[in-house]
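*Asks:* The sequence shown begins at 1 in full-length UniProt numbering and counts up one residue at a time.
For every residue, glycine included, the Cβ atom is placed at its ideal position computed from N, Cα and C.
Owing to the predicted nature of the structure, the values given are computational and were not obtained by experimental measurement.
I'd like to ask you about the structure that follows.
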Amino acid sequence: MIKLDPIIAVKDVAASADWYGNVFGFNNVHDGDNYFAILATPENDIVLCLHAWEADGHPTMINRNITAGNGLLLYFRTADWQIIRNNLEKIGWAIEEDIHQNPNSRKQEFSFRDPDGYFITVTEWHVYEG
Numbered sequence: 001m002i003k004l005d006p007i008i009a010v011k012d013v014a015a016s017a018d019w020y021g022n023v024f025g026f027n028n029v030h031d032g033d034n035y036f037a038i039l040a041t042p043e044n045d046i047v048l049c050l051h052a053w054e055a056d057g058h059p060t061m062i063n064r065n066i067t068a069g070n071g072l073l074l075y076f077r078t079a080d081w082q083i084i085r086n087n088l089e090k091i092g093w094a095i096e097e098d099i100h101q102n103p104n105s106r107k108q109e110f111s112f113r114d115p116d117g118y119f120i121t122v123t124e125w126h127v128y129e130g
């Protein structure tokens with residue numbers, strides 16, 4: 001079995017963990033320090049990890065002045081896509097691409113950026129079909 005736990009560098013781990021909690025309903029299941037967070041669904045599936053810039057000397061996380069997320073798209077497939085869109089509206093968050101049908105997946109999706117500038121697309125749940 002292989003699982004991928006993406007780790008992104010953020011300026012403020014606690015604030016980002018709270019934001020992801022408010023928008024997606026994730027819980028931080030990591031106790032202790034303030035430079036790392038493990039975000040999980042209510043079913044306790046790990047989805048995303050947050051890591052403070054410049055902590056631990058990881059080569060892709062040592063320069064907080066670079067553009068965060070260059071070449072990265074956080075793509076969430078979920079049955080709760082409309083709830084997430086409503087949560088963003090409640091907090092007045094900017095939407096970069098509002099709800100539209102993706103011509104490839106033929107599913108509804110929308111896109112925005114997180115507090116650190118990572119580009120996120122949320123789409124209705126689907127199974128990849130080749």
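Would you decide whether M61 is buried or exposed? Buried here means 16 or more other CB atoms lie within 10 Å of its CB.
*Replies:* As a first step, residue 61 must be located in the sequence shown, where it is residue number 61. So M61 counts as buried.
*Asks:* Buried or exposed: which applies to T67, given that a residue is buried once 16 or more other Cβ atoms fall within 10 Å of its Cβ?
*Replies:* Position 67 of the sequence shown, counting from 1, holds the residue named residue 67. So T67 ends up on the exposed side.
*Asks:* Grab the span of the alpha helix (DSSP H) containing R85 for me, first residue to last.
*Replies:* Along the sequence shown, read from residue 1 onward, the residue named residue 85 stands at position 85. Residues 81-90.
*Asks:* Starting from the N-terminal side, write out each stretch of the beta strand (DSSP E) that is 3 residues or longer and does not extend beyond the UniProt domain "VOC" (1-125).
*Replies:* Qualifying beta strand (DSSP E) stretches, in chain order: 7-10, 36-40, 46-52, 73-78, 95-101, 108-113, 119-124.
*Asks:* So, at 8 Å on beta carbons, what are the nonlocal neighbours of S16 in its own chain, with the 5 sequence-adjacent residues on each side left out?
*Replies:* The residue you call residue 16 lines up with position 16 of the sequence shown. So the qualifying residues of the chain are V10, A37, L50, D114, P115, D116.
*Asks:* Quick one: measure Cβ to Cβ for N87 and N22, integer angstroms, because I've assumed they're closer than 8 Å.
*Replies:* For the purposes of this step, residue 87 is identified with residue 87 of the sequence shown, where counting begins at 1. For the purposes of this step, residue 22 is identified with residue 22 of the sequence shown, where counting begins at 1. About 6 Å; that satisfies the 8 Å criterion.
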